[in-house]
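Numbering-wise (the numbering used here), the sequence shown opens with residue 2 and increments by one.
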Amino acid sequence: MLGAIEAGGTKFVCAVSENGRDIKERISIPTTTPEETMKHVYDFFRAFSIEAVGIGSFGPIDINTKNDTYGYITTTPKTAWQNFNILGDVQKHLAVPAGFTTDVNAAALGEWKHGAGAGKTSCLYMTVGTGIGVGAVINNNILEGLNHPEAGHIIVRRHPEDHFTGTCPYHSDCLEGLASGPAVEQRWGEKGSELTSRPEVWDLEAYYLAQAMMNYILILTPERIIIGGGVSKQPSLLAKVQEQTQQLLKGYVQDPMITHNIDQYIVAPGLYDDAGITGGFALAAQALENTPG
Ligand code: ADP
Ligand code: ZN
Numbered sequence: 002m003l004g005a006i007e008a009g010g011t012k013f014v015c016a017v018s019e020n021g022r023d024i025k026e027r028i029s030i031p032t033t034t035p036e037e038t039m040k041h042v043y044d045f046f047r048a049f050s051i052e053a054v055g056i057g058s059f060g061p062i063d064i065n066t067k068n069d070t071y072g073y074i075t076t077t078p079k080t081a082w083q084n085f086n087i088l089g090d091v092q093k094h095l096a097v098p099a100g101f102t103t104d105v106n107a108a109a110l111g112e113w114k115h116g117a118g119a120g121k122t123s124c125l126y127m128t129v130g131t132g133i134g135v136g137a138v139i140n141n142n143i144l145e146g147l148n149h150p151e152a153g154h155i156i157v158r159r160h161p162e163d164h165f166t167g168t169c170p171y172h173s174d175c176l177e178g179l180a181s182g183p184a185v186e187q188r189w190g191e192k193g194s195e196l197t198s199r200p201e202v203w204d205l206e207a208y209y210l211a212q213a214m215m216n217y218i219l220i221l222t223p224e225r226i227i228i229g230g231g232v233s234k235q236p237s238l239l240a241k242v243q244e245q246t247q248q249l250l251k252g253y254v255q256d257p258m259i260t261h262n263i264d265q266y267i268v269a270p271g272l273y274d275d276a277g278i279t280g281g282f283a284l285a286a287q288a289l290e291n292t293p294g
């Protein structure tokens, strides 16, 4: 039996699976303090005999095994969780091999394994929600380096008629600052879900997301790009992003996936809300494989 923890800023989802795909049981726990939330996590897993666990966590987190703070949630604005050694705490309480990565890397891994990225050697997953996060599987492995990518905070060219300051506390008008759910809400004065009938909102949103697509395509050349998160539920958005990405690239990347089949290249998630948990099972299976004996 494999365990998965999707550690989100609002809620923690824990689940168990026999085969790494079908969820046998799942629980959702509000994210309050580490003491309180983690107690419920361990209570859930106590009922099962899991062999390994995979954690996809909100961040920023430290995933560089060489660092003293490996396994920690680091500089999060959620003060109760700052410098919390989530991986160490899980290992101490569950005493099984544990895999650890970001929430978006876990979602990328889940989609690559069993969702919209299945059968590819690379795929990129972007969530456009309260923040913008990006995870990638490249050459069948999660993309990691110095630490995890922070590709939601890239610089984008501002639309000449957009005078919104931006919401990012670090950079103001980075991609997340201009195109996250809260940015949409503050710029237009209404929640994104109430703005469906205003095409100009989604044209501008696509203007920014398409720039991100262009940069990711040029730098990482993923075989598929998946866009999830609350804002991606807007029915008109995906087609606008596909179209504007093609326009921005101007035929420079001559692959038929981009020039002719972009609707099969930049796609909606296959697993939707189960992407992160499914990736957690895959991480757990990897942790088990990498454990000697
Ligand atoms: P989180 O990023 O916190 O995990 P979500 O992915 O659900 O959560 O994203 C929440 C954000 O998405 C909010 O800013 C919300 O206003 C926005 N959102 C949710 N549903 C829609 C929708 N149908 N259209 C546009 N924006 C939406
Ligand atoms: Zn930023």
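Each residue gets a CB set at the ideal place from its N, CA and C atoms; glycine is no exception.
Closer than 6 Å: is that where the CB of residue i sits relative to any heavy atom of the ligand ADP?
| i | result |
| --- | --- |
| residue 98 | no |
| residue 118 | no |
| residue 242 | no |
| residue 187 | no |
| residue 70 | no |
| residue 135 | no |
| residue 237 | no |
| residue 79 | no |
| residue 183 | yes |
| residue 234 | yes |
| residue 29 | no |
Check whether the Cβ of residue i sits closer than 6 Å to any heavy atom of the ligand ZN, and report yes or no.
| i | result |
| --- | --- |
| residue 177 | yes |
| residue 160 | no |
| residue 154 | yes |
| residue 149 | no |
| residue 124 | no |
| residue 209 | no |
Look up residue i in the DSSP assignment and say whether it is helix, strand or coil.
| i | result |
| --- | --- |
| residue 126 | strand |
| residue 49 | coil |
| residue 117 | coil |
| residue 237 | coil |
| residue 97 | coil |
| residue 24 | coil |
| residue 181 | coil |
| residue 242 | helix |
| residue 291 | coil |
| residue 3 | strand |
| residue 102 | strand |
| residue 278 | helix |
| residue 194 | helix |
| residue 263 | helix |
| residue 146 | coil |
Starting from residue i, follow its DSSP beta bridges and name the residues at the other end.
| i | result |
| --- | --- |
| residue 12 | 31 |
| residue 268 | 227 |
| residue 85 | 74 |
| residue 167 | Per DSSP, none; premise fails for residue 167. |
| residue 139 | 142 |
My assumption, with CB atoms under 8 Å, is that residue i sits in contact with residue j. Please give the rounded CB distance.
| i | j | result |
| --- | --- | --- |
| residue 239 | residue 269 | 6 Å |
| residue 181 | residue 129 | 7 Å |
| residue 133 | residue 103 | In fact, because the Cβ distance is near 13 Å, the residues do not count as touching under 8 Å. |
| residue 87 | residue 111 | No, residue 87 and residue 111 are not in contact; Cβ-Cβ is about 19 Å, not under 8 Å. |
| residue 108 | residue 10 | Incorrect: roughly 14 Å between the Cβ atoms, too far for contact. |
| residue 245 | residue 197 | Rounded, the Cβ-Cβ distance is 19 Å, inconsistent with contact. |
| residue 45 | residue 28 | 5 Å |
| residue 126 | residue 105 | 6 Å |
Item to complete: Decide if the segment 118-127 is in contact with the segment 217-231; the criterion is three or more beta carbon pairs, one per stretch, under 8 Å apart.
Response: By the criterion of at least three beta-carbon pairs nearer than 8 Å, the segment 118-127 is in contact with the segment 217-231.
Discussion item. Does the segment 275-293 come into contact with the segment 21-29, if we say contact requires no fewer than three beta-carbon pairs (one atom in each stretch) closer than 8 Å?
Written reply: Contact between the segment 275-293 and the segment 21-29 is established, with three or more Cβ pairs separated by less than 8 Å.
Discussion item. I'd like to know if the segment 146-157 and the segment 192-207 are in contact, where contact means that at least 3 CB-CB pairs between them fall below 8 Å.
Written reply: No, the segment 146-157 does not touch the segment 192-207.
Worksheet item: Any contact of the segment 60-74 with the segment 245-262, i.e. 3+ C-beta pairs under 8 Å?
Response: Taking 8 Å as the limit for Cβ pairs, the verdict is that the segment 245-262 does not touch the segment 60-74.
Worksheet item: Are the segment 236-252 and the segment 273-282 in contact at 8 Å, needing three or more beta carbon pairs?
Response: Judged by Cβ distances under 8 Å, the segment 236-252 makes no contact with the segment 273-282, as fewer than three pairs qualify.
Discussion item. Under 8 Å, with one C-beta from each stretch per pair, do the segment 140-147 and the segment 81-96 reach the 3-pair mark?
Written reply: They do not touch, by the three-pair rule.
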